[in-house]
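Here the structure comes first, spelled out in structure tokens, and everything after it is commentary.
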Amino acid sequence: MPTFAIYTSGCRLNQADTALLADALQTRGYKPLSWGNVADLLIVNSCAVTGVASRKNRQAVHAARRLAPDAFIVLMGCDAVAETSSWAENPDVDLVISNPKPDSFPDLLPSPLQRNSSPKLVRTTPLPESFTISGTGLYPERTRANLKIQEGCDFYCSYCIVPYTRGPARSRQLNDILREAEILLERGHLELVLSGVNIATYQNSSCDLPALIERLLCLGDHFRIRLGSTEPGLCLDRLVDIMAAYPKRICRFLHLPVQYGEDSILRRMKRHYDCRTYEQAVLHAHKRIPGLCLGSDIIVGFPGETEENFQTCRAFVERIPFGLLHVFPYSPRPGTPAASMTGRPSSADTRRRAADLRDLAAQKYAAFADSQLGQTLPVLLETSSPSPQGWSDNYLKVRISSKLPLQANTIVFPTITACKANRIVHGRI
Ligand code: SF4
-2 MPTFAIYTSG CRLNQADTAL LADALQTRGY KPLSWGNVAD LLIVNSCAVT GVASRKNRQA
58 VHAARRLAPD AFIVLMGCDA VAETSSWAEN PDVDLVISNP KPDSFPDLLP SPLQRNSSPK
118 LVRTTPLPES FTISGTGLYP ERTRANLKIQ EGCDFYCSYC IVPYTRGPAR SRQLNDILRE
178 AEILLERGHL ELVLSGVNIA TYQNSSCDLP ALIERLLCLG DHFRIRLGST EPGLCLDRLV
238 DIMAAYPKRI CRFLHLPVQY GEDSILRRMK RHYDCRTYEQ AVLHAHKRIP GLCLGSDIIV
298 GFPGETEENF QTCRAFVERI PFGLLHVFPY SPRPGTPAAS MTGRPSSADT RRRAADLRDL
358 AAQKYAAFAD SQLGQTLPVL LETSSPSPQG WSDNYLKVRI SSKLPLQANT IVFPTITACK
418 ANRIVHGRI
């Protein structure tokens, strides 16, 4: 039986694509191995969102080739589109596949798996406006499963490569989502994470994202739904209403990437809201959903950023009750409008500002975790006794003490007793 292993970088959508790929291969008789093992087929499902991500793809391919000189290596995902010509010359790779990921991936492999003298390029056809996916994502750990509901983006933020690598926004057909969700639930998953590039644009069969969530909730009452990254605006108010209406079923976590906290930079980024609108929206969500963990991303060092812009952004971040904030130094992506903008701050200023915001983010995380002391939270366990640990619905990593034996992939209800370093809290049952 041929073996395969997949390295995945980047977002949840890439993870969902990987799980679907693993399912397609397993159905065709391939045996999955974890990355780092010598396998007959090694796949790098790449991300291209930053220069660092692109570098990591190259390192993964190079390390794979050193580990397994005879393996058949496939490079796919966003970097296959963003850097096609350089991958087409990479002697370590045998096959380069563009986005969207083909539904019939195993059909593109030679039989038997045999190395090429130079990489073969496969260009896939764009997805239609509403699409289906055959198969069901394979998640060996059986706790959370990503459920792909959407692809692509029409927003063209000036720094972002994704609309070029994944194409325009398209939604998966409602019935096909429900089909995969039912199978994932039958397999025992207790959390479905709705995944896409811009899930708030979901639209199919007269269903938008809030309506889709209501349809999914009808599949049973034993599981919970988590939202992947959601763009501010769009259907946010209705989304908040439905989260407030089903606090036990929809995880109290909202990832709303703000990207910056000052309006002139937001305009240069071509974001479609201003700081005031964002602030009002998240404060409303925070009030409506007690215990909500608000997640976000911030980019520092964007072209044109002055010290004054940064201080305004910092004050904005201080005001907003973020529970989970990721800070990224700006990394130009060739082919995006921002890559040719002038006025980037020096690397030293960018590093200092990123470090400053990361400190602030750590303080905000600690304040959020502290606010949960004494609360009883639903935790989906990823590991069993003697070291039971899992994630609360509001995205705290909880280590649990209990005299009872606790099983992975169950939802338990510890009371939070302490907040520790490394983003871990302790709970007791
Ligand atoms: S909303 Fe903007 S940042 Fe997000 S994927 Fe679309 S273009 Fe990129």
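Throughout the sequence shown, residue numbering follows this note's numbering, covering -2 to 426 in sequence.
Ideal Cβ placement from N, Cα and C applies to all residues, glycine included.
From the DSSP output, in three-state form, read off residue i for me.
| i | result |
| --- | --- |
| residue 406 | coil |
| residue 78 | helix |
| residue 128 | strand |
| residue 227 | coil |
| residue 416 | strand |
| residue 188 | strand |
| residue 285 | helix |
| residue 307 | helix |
| residue 429 | Nothing about residue 429 can be reported from this structure: the residues present for the chain run from -2 to 426 only. |
| residue 203 | coil |
| residue 55 | helix |
| residue 23 | helix |
| residue 313 | helix |
| residue 332 | coil |
| residue 365 | helix |
| residue 221 | strand |
| residue 450 | Residue 450 is absent from the structure shown; the chain starts at -2 and stops at 426. |
| residue 36 | coil |
| residue 426 | coil |
| residue 372 | coil |
| residue 379 | strand |
Run the CB neighbour count on residue i, radius 10 Å, all protein chains shown included, and call it buried at 16 or more, exposed below.
| i | result |
| --- | --- |
| residue 37 | buried |
| residue -2 | exposed |
| residue 184 | exposed |
| residue 43 | buried |
| residue 281 | exposed |
| residue 114 | exposed |
| residue 120 | exposed |
| residue 305 | exposed |
| residue 410 | exposed |
| residue 76 | buried |
| residue 147 | buried |
| residue 46 | buried |
| residue 26 | exposed |
| residue 360 | exposed |
Quick one: residues in its chain with C-beta nearer than 8 Å to the C-beta of residue i, no 5 flanking neighbours on either side, listed in chain order?
| i | result |
| --- | --- |
| residue 69 | 37, 38, 39, 91, 92, 106, 107, 110, 111, 112 |
| residue 65 | 35, 36, 39 |
| residue 130 | 17, 100, 145, 169, 173, 177 |
| residue 62 | 68, 70, 89 |
| residue 408 | 187, 221, 375, 376, 377, 378 |
| residue 332 | 79, 158, 161 |
Under 7 Å Cβ to Cβ from residue i, same chain only, skipping five residues before and after it: list those, please.
| i | result |
| --- | --- |
| residue 302 | 262, 342 |
| residue 139 | 184, 185, 186, 406 |
| residue 260 | 271, 272 |
| residue 381 | 403, 404, 405 |
| residue 321 | 290, 292, 362, 392 |
| residue 242 | none |
| residue 182 | 216, 217, 220 |
| residue 324 | 295, 297, 351, 354, 355, 358 |
Just how far apart, CA to CA, sit residue i and residue j?
| i | j | result |
| --- | --- | --- |
| residue 375 | residue 191 | 19 Å |
| residue 249 | residue 390 | 6 Å |
| residue 135 | residue 255 | 32 Å |
| residue 15 | residue 296 | 27 Å |
| residue 171 | residue 5 | 26 Å |
| residue 215 | residue 379 | 25 Å |
| residue 7 | residue 222 | 21 Å |
| residue 396 | residue 289 | 20 Å |
| residue 205 | residue 364 | 34 Å |
| residue 336 | residue 210 | 37 Å |
| residue 388 | residue 150 | 29 Å |
| residue 315 | residue 41 | 38 Å |
| residue 339 | residue 83 | 26 Å |
| residue 423 | residue 400 | 15 Å |
| residue 155 | residue 161 | 11 Å |
| residue 3 | residue 31 | 7 Å |
| residue 370 | residue 426 | 14 Å |
| residue 294 | residue 414 | 29 Å |
| residue 127 | residue 195 | 14 Å |
| residue 334 | residue 285 | 38 Å |
Cutting at 6 Å between CB atoms, please list the residues of its own chain near residue i, excluding the five before and the five after it.
| i | result |
| --- | --- |
| residue 118 | 85, 93 |
| residue 198 | 166 |
| residue 236 | 207 |
| residue 247 | 222, 240 |
| residue 313 | 258, 272 |
| residue 53 | 6 |
Counting only beta-carbon separations shorter than 7 Å, does residue i have a partner in chain D?
| i | result |
| --- | --- |
| residue 89 | The displayed structure is made up of one protein chain only, and chain D is not part of it. |
Task: Complete runs of the alpha helix (DSSP H) confined to the stretch 59 to 127 [at least 4 residues] - done: 75 to 79, 81 to 85
Task: Ranges of the beta strand (DSSP E) found wholly within the stretch 138 to 189, counting only runs of at least 3 - done: 141 to 145, 167 to 169
Open item on the list: For a minimum of 3 consecutive residues, which ranges assigned as the beta strand (DSSP E) are wholly contained in the stretch 229 to 293?
Closed with: 250 to 252
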